[in-house]
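Chemist: Quick one: structure below, then a few questions.
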Amino acid sequence: MAPTIMGKPEVNPGPLARRPDNSAFKQQRLPAWSPMLTANTVLPFFYGMAVVCILLGVWLLITVNNTHQHKVDYTQGSCDECFEMRKDRTKADQRCNCTVGFRIHDAFKGDVFFYYGLINFHQNLRQYMDSRDDGQMTGRKAHLKNPSPYCKPFVADQNGLPIAPCGAVANSIFNDSFTLFYTGEGSPKVQVPLFRKGIAWYTDKNVKFRNPQVDNKTQTLAQVFEGTTRPLFWQKPVYDLDPRDPNNNGFINEDLIVWMREAAFPNFKKLYGVLDRTRKPFKEGLPSGNYSIQIFYNFPVQYFRGGKEVILSTISWFGGQNRFLPIAYLVTGSLILLLAILLTAVWWKFGKNGQNMEE
Amino acid sequence: MGSLLSRLGLECGAKEVKEEERNIRANDREYNLSYKYANNAIKTSKYNIFTFLPLNLFEQFQRLANAYFLFLLCLQLIPDISSLSWFTTVVPLVLVLAMTMAKDGSDDIVSAIPFNPSIRTADLLLLSSSEPLNLVYIETAELDGETNLKVKQGLTVTGELEDSIEKLASFDGQVRCEPPNNRLDKFTGCLSLDGAMYSLDNEKILLRGCTLRNTQWCFGLVLFGGPDTKLMQNCGKTTFKRTSIDRLMNVLVLSIFGFLAIMCLILAIGNGIWEYQEGATFAAFLPKPEGVNPPFSAFLTFWSYVIILNTVVPISLYVSVEIIRLGNSFYIDWDRKMYYPKNDTPAQARTTTLNEELGQIKYIFSDKTGTLTQNIMTFNKCSINGKSYERVDFSWNKLADPKFWFHDHSLVEVVRGGNPKAHDFFRLLALCHTVMPEEKKEGELYYQAQSPDEGALVTAARNFGFVFRSRTPESITVVEMGKLVTYELLAVLDFNNVRKRMSVIVRSPDGRLTLYCKGADTIIFERLHPSSKNVMEATTQHLNEYAGDGLRTLALAYKDIDLNYMEDWKKRHHEASTGMEQREEKLDALYEEIEKGLLLLGATAVEDKLQDGVPQTIEQLAKADIKIWVLTGDKQETAENIGYSCNMLREEMTEVFIAYALEKDMQKELLRTACMCQTVICCRVTPLQKAQVVELVKKYKQAITLAIGDGANDVSMIKAAHIGVGISGQEGMQAVLSSDYSFAQFRYLQRLLLVHGRWSYLRMCKFLRYFFYKNFTFTLVHFWYGFFCGFSAQTVYDEWFITLYNLVYTALPVLGLSLFDQDVNDRWSFQYPQLYAPGQLNQYFSKKAFIYTVLHSGYSSLVLFFIPWAAMYDTVRDDGKDIVDYQSFALLAQTCLLIAVNIQLGLDTYYWTAVNQFFLWGSLSVYFAVTFTMYSNGMFLIFTSSFPFIGAARNSLNQPNMWLTILITSILCVVPVVAYRFLRILLWPTINDKVSKAVLPAAPRRIQPRRISTRRSGYAFSHAQGYGDLVTSGRFLRRTPRSRGIVFSHTDSPLAQAKPQLYRTIVEGEEPPQIP
């Protein structure tokens, strides 16, 4: 009957051989801290929390209000013609551009970021998100010619040539391109210079997305991709995405990388470029004045009943211009304050003298 | 102790047809085999090495939960449905199966160890024995709890076999008898031997569970073996016990399945609509596979969501529950305060699956003998001729029983000084009884008393110098102050329930005829000679004192009888006892006539020693609102006495007598009456009736019951109750072996219930509430996300997080909570037994609590999804780059969730030990460590397709807005809970809140045993009608006895008087009966 564990013989033979150990653990007497919800802890906690939330909210609100943002929806309006043209699939290869003008009253001080936005585009559909091959895009040669079946139905074209990059995500890349022009007071129209690189995460650019190995120095990127074909909806092959910068081609093209980082929600914006502040008059940011964007309108939106927009924005340490958190902190702080006052009143009336605590 | 050799075995097989009659031929193996009767082997182990794996897996998949997860796994293997990688289900499932398998395996190894062999393992027909006239002496404590000796006698014809092996081997008797049944008191059958038929009755049967006494050997023919024995038949069915929480959990799990189906249905319908409205247009970007139209897509989505949302019923729930119960069982094993040093017995949790039910007990059914009492009687005080004595030292008497102590030197002086009254007093004790002496060696006397109190009285006389040495039917030999005196025994006027007294009439060597009488004081006092009036007054006063001390008292009286009158009386007595008509009445009248005009000698006070702390324990349990029923095979007076001394019965209670029946129509009536009572004592209950009473309460009261007992007669009740507790180390191991918990002393029951039970219940409920909370919250976030991702069964979290959430990230903190938490410590639990009430009322975990939990997690999931959604919407990193991508959002959502549920855990924890802290902070650190590892370059480069989240942690967790989002979700999750709890404590404090706030006094209150009873015991010849007639009849003394004087064969088991039986209920004085 002696409880032996794992067949070990009972230690300590004798009259009290089976007496349990007198350890704090076995006797359930471990030293412990038992905090209790008393007025002394709860009420100060509530007031403190209220103050912290309100202060945070105010601070964040000020921070957010110091940023500037300008949104231009170009789905239709002056781009109506292109919008109609893109409805016709047979005209997919025809070029179409349009121009959208707007005015910035207050100068955008500091770094300015150029985003494109999509409305109601479900990058977060499970089947859509799965339709990619990370192995291929990280430069595995085996995957290059033999993409993962997850890419279905964008694994290969009608001729059986493997698609690079394969999958629905890459296939549907956003392919509008923009040129931003500035017309200052009494000055001629100038193009606003944008950095088109440095818009992707460092890890994506340097680890997750790699071009397949170039065998020897003489081999070009085009030769590496030989034996593959471009995605169905693409006009250009992957090794020729950026004609101006050969280092921005292939899987490490930053527009591609940005697109491949699928958005969590159907309305999203993605970084297109960053203002180049090396040249006048953009050293301080975007000056006030009239702006126009020339758009090469390629991306069809009628398929998903969505919209497209362009967003110009400055940012803070807190990110873009989203007022939700500051307001949420202010509201939460106020609610906690109200609650704290209510609790204090109740405690004053019922709990202070502990009349409910009597036996 | 004699040995019992059963040579005539039976083989066994499954019994398929109901047995009508049993046929056994001695020494004819083939014949007996043809009937396939059960043999002695009782197989307790389930598996062997080869069958273990398949059988165990088969059994495990029979469990609903496991089968469900297997089904999920199959679903995941269908590519169109699979919304999660296979490992999210396989890893937990394999882990769970392996752990359960290990546990089942080790349990099976333990149960394969055969159990205690010291008990008779079959029911035998007694053939021959070492004693004259084929007698054997047995003790049936294991069967009915009685410790007195009983006699069984074999047939004369079989007795001739003696111990000759040849004769036994050639014995060819054939037995036809009743089929196996559970009647301990009845047996019918016949033995045909050499053409003659002999009738067999219960007197010739030795039952499994009885112990041979004073018998060298005996031979028997096995009639019933193994499970067919009457003891086993009485044991009741062994049923797999489940706790009420288990049952509730099953109901909840089923309703959760319903809930799951509804959620999936909503999402599937949503998907159908979405596909119809949007999906078709999105098809350019995501072409649909062939034949997938919106309804079919909705159908597939339904199953995809079944996979994703299955975490509302996580598989780890069952494993965690088992672990918690196991842990809390270990605490019981380890508890030093439930360890009994005298026989080195720690408490033992033999079942590890019932702990929390210990915190919900509403009814306790207790055996009496050996459970409440030690079953040791001690002669404590006496009053002789109006003078009270107590406590004496006996070193001057060589024949004294060394264990007996009674320190009152004045009494010794009186006895040694030759006080005639004192001599008469002890002479009476030495003569007037039915005890059997046994003297194995000169000077070493053993008494076999049919009741422990009689033994105590005779032992007292012996120690005072009136040593009862031996008896024959006609004489009693006593050593009186060193002088051998033989009295001629003329008559024994036996005890019965009505008479409540017993007398003997003896002739002393000098020819004096004396009647010695002992009995209940009220009865004796009615029959006293007027000259005893003065002594009576003094004695009454003493008796009141004794009874006030809870002692069992007896009055002693005697009278000298005229020789001529005696001659006449004896003649009439002979006529009456041989007459056929109204024998009982006539004898009673004769007894009544002679027991008159008695002279009072004094009174004795015997203590039926309760176990230590029994009254306090009962008082504590009563305060915890636990109803205690005592079920005993004893007769009413004895049971009542115990009731009074246990504090169960008190003076102010009025008494109600009800004829007792367990028949169908009476059941409800009985229950209704009994439940109005504070205390119920059922006497004269057979083992199976004990179980029936328990079943009755279980059936009609829906309350949790606990049965506690120590003997084989309690086994059925222990098995029938929700929880069975065995007192170990007393009457044998039967009760312990069938019990769920065992310990050495009744008083440990209060610690088991008020401390361990309460904690276990509290912990289990907290665990379940928290567990459902964390999983519902976890799952509902997916549900909300469904509305943003086109109902495409996209998960919110990383698949690895889904896999590890229950297994790693939240497993240990919740285990810490459910293994260490204490709302109040053990001293407070004792101090305020009312703290036990929430368990009885199912307050901590019920359907209501569950719904509250679901609503709470609904709120939390809304916060945990929509706050991050709104906070991240349209925002970017501090360098303008992307942060609203799916991977960053998944990371944010899962981090918010994990921190929020951990804070909730912190709020639920009352008792923060270092281990809790370590588990909590450790799990959080592990989460971040694992997350950063899995999102690292290395993992991505090695397992590219499994870890696509590369860099997500580095790129988003360094963003202030991420952390500000986490902070506000935590605040919003916590604040309402804290406010609600604070208000609740303030406005509607529970007993727990009050106790937690109070200040612990320096020393725990010592509960004084209350013995206010002034009611005197109506004596206690404890069990059945005595053996008086047998003592005198001498009907078996044809052969000369070797070592023994007298034997008696007529057993009058209480079981023989089965129905209708008396039971007695006692209600509190004022309380009016309420008819529900």
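Those protein sequence lines, which keep their order, are chains A and B. 1 is the number of the first residue of the first sequence in the UniProt record's numbering; add one for each residue after it. 1 is the number of the first residue of the second sequence in the UniProt record's numbering; add one for each residue after it. Glycine is no exception: its CB is placed at the ideal position from the N, C-alpha and C atoms.
Whose Cβ in chain A lies nearer than 9 Å to the Cβ of B/VAL464?
Modeler: The question names Val, but residue 464 of chain B in the sequence shown is Phe. Under a criterion of Cβ atoms nearer than 9 Å, no residue of chain A is adjacent to B/PHE464; the nearest Cβ is some 35 Å distant.
Chemist: With distance defined between alpha-carbon atoms, name the residue in B/THR933, B/TYR809, B/ASP823 nearest to B/ILE991.
Modeler: B/ASP823
Chemist: Taking 8 Å as the cut-off, decide whether the C-beta atoms of B/LEU983 and A/LEU338 are in contact.
Modeler: Between B/LEU983 and A/LEU338, the gap from beta carbon to beta carbon reaches 8 Å or more.
Chemist: Less than 8 Å between the CB atoms is what I'm expecting for B/LEU543 and B/THR553, so what's the real figure, rounded?
Modeler: Rounded to the nearest angstrom, the Cβ distance from B/LEU543 to B/THR553 is 5 Å, consistent with a contact under 8 Å.
Chemist: Closest Cβ-Cβ distance between A/SER334 and chain B: below 8 Å?
Modeler: Not closer than 8 Å to any Cβ of chain B, the Cβ of A/SER334 fails to qualify, so no.
Chemist: Please state the DSSP three-state secondary structure of A/LYS197.
Modeler: coil
Chemist: Are A/PHE299 and A/ASN175 touching if we call contact CB-CB under 8 Å?
Modeler: yes
Chemist: Give the DSSP-derived three-state secondary structure of B/LEU137 in the structure shown.
Modeler: A small correction: the amino acid at residue 137 of chain B is Tyr; Leu does not occupy that position in the sequence shown. Correct three-state label for B/TYR137: strand.
Chemist: By Cβ distance below 6 Å, which residues in the same chain neighbour B/VAL498 in space, the five residues on each side in sequence not counted?
Modeler: none
Chemist: Spell out a yes or no on whether the stretch 354-362 of chain B and the stretch 243-250 of chain B are touching, meaning 3 or more CB-CB pairs, one atom from each, closer than 8 Å.
Modeler: Yes, since at least three Cβ pairs between the stretch 354-362 of chain B and the stretch 243-250 of chain B fall closer than 8 Å, the two stretches touch.
Chemist: For the beta strand (DSSP E) holding B/ASN23, just list the boundary residues, first then last.
Modeler: 22-25
Chemist: Does DSSP classify A/SER23 as helix, strand or coil?
Modeler: In the structure shown, A/SER23 sits in coil (DSSP, three-state: anything other than H, G, I, E or B).
Chemist: Residues of chain B with a CB under 7 Å from the CB of A/MET85: which are they?
Modeler: Those within 7 Å of A/MET85 in chain B number zero; the least Cβ separation is about 16 Å.
Chemist: Looking at B/VAL781: is its Cβ nearer than 8 Å to the Cβ of B/SER861?
Modeler: yes
Chemist: Chain A beta carbons: is any one of them nearer than 8 Å to that of B/ASP625?
Modeler: no
Chemist: Along the beta strand (DSSP E) that carries B/CYS264, what are the first and last residues, could you check?
Modeler: Unbroken run through B/CYS264 is the alpha helix (DSSP H), 244-274; no beta strand (DSSP E).
Chemist: Looking at C-alpha atoms only, which residue of B/SER503, B/MET502, B/ASP510, B/VAL863 is the closest neighbour of B/VAL485?
Modeler: B/ASP510
Chemist: Between the alpha carbons of B/CYS517 and B/ILE138, how many angstroms are there, rounded?
Modeler: Between the alpha carbons of B/CYS517 and B/ILE138 lies a gap of roughly 29 Å.
Chemist: Quick one: what's got a C-beta closer than 8 Å to A/PRO31's C-beta in the same chain, skipping five residues either side?
Modeler: ALA24, listed in sequence order.
Chemist: Contact criterion: CB-CB distance below 8 Å. Does B/SER1049 meet it with respect to chain A?
Modeler: Model confidence at B/SER1049 stands at a pLDDT of 26, short of 50, so the residue's coordinates are unreliable and nothing is read from them.
Chemist: For the stretch 576-588 of chain B, list every residue whose C-beta sits within 8 Å of some C-beta in chain A, in sequence order.
Modeler: none
Chemist: For chain B, find out if any of its Cβ atoms is closer than 8 Å to the Cβ of A/LYS20; answer yes or no.
Modeler: It is Pro, not Lys, that sits at residue 20 of chain A in the sequence shown. Cβ-Cβ to chain B under 8 Å: yes for A/PRO20.
Chemist: Going by beta carbon distance, what residues of the same chain come within less than 8 Å of A/LEU256, once the five residues before and after it are set aside?
Modeler: Cβ neighbours of A/LEU256 beyond the five flanking positions: PRO165, ALA170, ILE173, PHE209, VAL238, LEU241.
Chemist: Considering only the alpha carbon of each residue, which of A/GLY160, A/ASN248, A/VAL214, A/PRO153 lies closest to B/PRO289?
Modeler: A/PRO153
Chemist: Kindly indicate the opening and closing residues of the alpha helix (DSSP H) around A/LEU161.
Modeler: No alpha helix (DSSP H) holds A/LEU161; DSSP gives it neither H nor E.
Chemist: With 8 Å set as the bound, which would you pick, yes or no: does the beta-carbon of A/THR229 sit closer than that to a beta-carbon of chain B?
Modeler: Using a Cβ-Cβ cut-off of 8 Å, A/THR229 does not count as an interface residue toward chain B, since no Cβ of chain B sits closer than that to its own.
Chemist: For a quick check, are the C-beta atoms of A/ILE295 and A/ASN120 less than 8 Å apart?
Modeler: no
Chemist: Within 8 Å, do at least three Cβ pairs link the stretch 863-871 of chain B to the stretch 244-252 of chain A?
Modeler: Between the stretch 244-252 of chain A and the stretch 863-871 of chain B, the count of C-beta pairs closer than 8 Å stays below three; the two stretches do not touch.
Chemist: Could you confirm whether any beta carbon from chain B is found closer than 8 Å to the beta carbon of A/ASP111?
Modeler: yes
Chemist: Compile a chain-ordered list of the residues in the stretch 79-104 of chain A whose CB is closer than 8 Å to at least one CB of chain B.
Modeler: Here the close residues number zero.
Chemist: Relative to the alpha-carbon of B/LEU64, which residue among B/ASN775, B/ARG758, B/PHE257 has its alpha-carbon at the smallest distance?
Modeler: B/PHE257
Chemist: Could you tell me which uninterrupted alpha helix (DSSP H) segments, each at least 4 residues in length, are contained entirely in the stretch 581-616 of chain B, listed from first to last along the chain?
Modeler: Those alpha helix (DSSP H) runs which fall completely within the stretch 581-616 of chain B and span 4+ residues are 583-594.
Chemist: Rounded C-beta distance between B/ASP333 and B/GLN348? I'm assuming under 8 Å.
Modeler: Between B/GLN348 and B/ASP333 the Cβ distance is about 6 Å, and since that is below 8 Å, they are a contact.
Chemist: What does a CB cutoff of less than 8 Å around A/TYR116 pick up in its chain, not counting 5 residues either side in sequence?
Modeler: PHE174, ASP176, PHE178, LYS269, LYS270, TYR272, LYS308, GLU309, VAL310, ILE311, listed in sequence order.
Chemist: If you run the structure through DSSP and keep just helix, strand and coil, what is B/VAL796?
Modeler: coil
Chemist: Closer than 8 Å, CB to CB, is residue 420 of chain A near chain B or not?
Modeler: Residue numbering for chain A in the displayed model covers 1 to 359; residue 420 of chain A lies beyond these limits and cannot be assessed.
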